[in-house]
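Visitor: Please read through the structure below; I'll follow up with questions.
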Ligand SMILES: *Cc1c(COP(=O)(O)O)cnc(C)c1O
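In this note's numbering, the protein residues as written are 4 to 232.
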């Protein structure tokens with residue numbers, strides 16, 4: 004049996020100690036609990052121990068799950084690819100979309116949010132490893148997409164998200180995380196209101212992500228155990 008409470012406690016302690024070790028304020032790093040494939044009971048257990056930020060990868064799975072787990076103060080983030088035909092459902096279900104990666108998708112999402120009378124916080128997903136099979140906008144197109152997103156009335160851009168190429172060695176993620184932090188810095192150069200959010204780091208590489216400036220680590224396995232799809 005996975006002890007969600009113990010895992011949460013350990014993760015929080017670890018995140019705080021890494022933050023302090025690299026001179027960051029622990030409160031500037033938030034933990035997103037990634038619940039894909041896990042049933043409502045374990046999600047509610049995490050909630051009971053104070054977890055409030057949750058992430059799902061697929062709209063279809065979220066449609067079946069989120070309505071059963073709406074609780075006070077809970078926040079649901081979409082962290083997987085958003086298909087055009089799921090935009091309406093996603094806009095209804097989620098409190099934030101981390102996987103915005105095209106102007107077309109952004110325009111549709113804003114339009115749908117307008118009809119729902121809501122403004123949705125979003126992150127632009129960057130394909131930082133420039134892997135052809137992966138989602139996300141290439142680094143050299145980020146500026147353009149950011150401008151487009153910020154021109155839309157019903158989206159509120161908070162920052163950037165990325166999943167670096169997978170390697171066993173977490174140190175292999177470091178150069179990608181560093182490039183993401185540099186990208187955000189470039190975007191913020193001429194802004195009065197800087198973008199704050201850098202959603203970086205998963206179970207195997209979150210310590211490195213925090214060292215490189217992550218403000219939001221997305222953790223599934225370390226919290227809920229191995230997934231059995
Ligand atoms: C599944 C997933 C995670 C969590 O991965 P773990 O290795 O289980 O921590 C984080 N981010 C995204 C985008 C995911 O799809």
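All residues carry an ideal CB built from backbone N, CA and C; glycine is no exception. The structure presented is a predicted model; accordingly, all values stated were derived computationally and were not measured.
How many Å lie between residue 282 and residue 162 at the Cα?
Guide: Outside the displayed range of the chain (4 to 232) lies residue 282, so it cannot be described from this structure.
Visitor: So who's on the other strand from residue 105, going by DSSP bridges?
Guide: Residue 105 pairs with nothing; no bridge assigned.
Visitor: Determine the burial state of residue 120: buried for a count of at least 16 other Cβ atoms within 10 Å of its Cβ, exposed for fewer.
Guide: Result: exposed.
Visitor: Does the region 144-152 come close enough to the region 165-174 to have 3 or more Cβ pairs within less than 8 Å?
Guide: Counting Cβ pairs under 8 Å, fewer than three are found: no touch.
Visitor: Quick check: the Cα distance between residue 190 and residue 53, rounded to an integer number of angstroms?
Guide: Going from the Cα of residue 190 to the Cα of residue 53 covers about 33 Å.
Visitor: Pick helix, strand or coil for residue 80, following the three-state DSSP scheme.
Guide: Here residue 80 sits in strand by DSSP.
Visitor: Would the C-beta of residue 231 count as close to ligand 1, meaning under 7 Å from any of its heavy atoms?
Guide: No, the beta carbon of residue 231 sits no closer than 7 Å to any heavy atom of ligand 1.
Visitor: Opposite residue 180 in the DSSP bridges: which residues?
Guide: BP columns for residue 180 are empty, so no partner.
Visitor: For the alpha helix (DSSP H) containing residue 68, list its first residue and its last residue.
Guide: From DSSP, the alpha helix (DSSP H) with residue 68 extends over 62-68.
Visitor: Does any heavy atom of ligand 1 sit closer than 7 Å to the C-beta of residue 45?
Guide: No, the Cβ of residue 45 stays beyond 7 Å of every heavy atom of ligand 1.
Visitor: Taking a contact to mean a Cβ-Cβ separation below 8 Å, would you say residue 56 touches residue 35 in this structure?
Guide: Closer than 8 Å, so yes.
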